[in-house]
Amino acid sequence: MSHEKNIRKKPKRFPVSPNSVSQYLNFLGDGITINGAAGIFVASSSGNLYVVDNNNNRVLRWSPGANPSTGGVLVASDTLNGPLAVVVTANEQTLFVADSNSNSVKKFTLGTNSATIFAGNGTVGSGPYQLNGPTGLALDSTEQYLYVVDGNNNRIQRFFIPSC
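The sequence shown begins at 1 in UniProt numbering and counts up one residue at a time.
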C-alpha cells in the first residue's frame, strides 16, 4: 500500500470504485501539500470539502469547482497539534476539530483562524469532560450536542453546545 498525499475527484456519473479515477488531483508544488490526510467532512448545503491535514496541523477547505491544486483555503491552524477529525455546523460558521495530541476539541469561528478549547483541557484525563487522544467527531441533527470519540479512553463522550 502506498502512502500517497493526494485527493482524487470523480464525476458523479461514474460508480464509486477505488480503482477507477477520472481525474487525478495532486497538491504538490503550490504550498498546499497535504501531509497525513486524517479526516474529511463534506458540508451538505454547499458541498464544501474540509480536509484534516494532520502532519501540517491544519484544516483546509475546497469549494465545488475550485482548482484542486491551488484552491485549498486554510480554515483552521491556530494551536492545532495532531488534528484527526473535523465537523462543521450546517451554516458553516463553526468548525470543531479533534486535536489528538493536545487531548482537546478546538472550536473555530470560520474566517478568524483563532481557536478556543471546547472540550478537554489540554492534558490527558479519564474523568468526565476530560479527553485522551480524541479521534472522531459527530454533531447530532439539532447541533445541540457534539459526540467525541475519546480514543485512548475507549469511550464516546457527549458535549452540550450552548450555541454556534
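Built from N, CA and C at the ideal position, the CB exists for glycine as well.
Candidates the options, of which the one nearest residue i by Cα
i, options, result
"Gln-111", "Ser-104, Thr-123, Gln-93", "Note that residue 111 is Gly in the sequence shown here, rather than Gln. Of the listed residues, the one whose Cα sits closest to Gly-111 is Gln-93."
"Ser-100", "Ile-34, Val-86, Tyr-50", "Val-86"
"Leu-84", "Tyr-145, Phe-159, Leu-137, Tyr-147", "Leu-137"
"Gly-127", "Asp-150, Gly-71, Lys-106, Val-73", "Asp-150"
"Asp-78", "Ser-45, Ser-44, Val-51, Thr-116", "Thr-116"
"Phe-159", "Leu-146, Ala-76, Ser-114", "Leu-146"
Close beta carbons around residue i, own chain, < 8 angstroms, minus the five adjacent residues each side
i, result
"Asn-103", "Gly-120, Asn-121, Gly-122, Thr-123, Val-124, Gly-125, Gln-130, Leu-131, Asn-132, Gly-133, Pro-134"
"Glu-143", "Thr-89, Ala-90, Ile-161, Cys-164"
"Ser-114", "Asp-78, Phe-108"
Residue i (DSSP reduced to helix, strand or coil)
i, result
"Ser-77", "coil"
"Ser-102", "helix"
"Gly-133", "coil"
"Gly-151", "helix"
"Ile-161", "coil"
Cβ-based neighbour list, residue i, same chain, cut-off 6 angstroms, excluding 5 preceding and 5 following
i, result
"Val-80", "First, the amino acid is wrong: residue 80 is Leu here, not Val. Excluding sequence neighbours, Leu-80 sits near Asn-57, Asp-99."
"Val-52", "Ala-38, Gly-39, Val-59, Pro-83, Val-86"
"Gln-157", "Val-148, Asp-150"
"Val-42", "Leu-49"
"Pro-64", "Gly-47"
Same chain, Cβ closer than 7 angstroms to residue i, neighbours up to 5 away in sequence not counted
i, result
"Asn-55", "Asn-35, Gly-36"
"Val-73", "Leu-60, Arg-61"
"Ser-45", "Ala-90"
C-beta contact flag for residue i and residue j at 9 angstroms
i, j, result
"Val-148", "Phe-108", "no"
"Leu-49", "Phe-96", "no"
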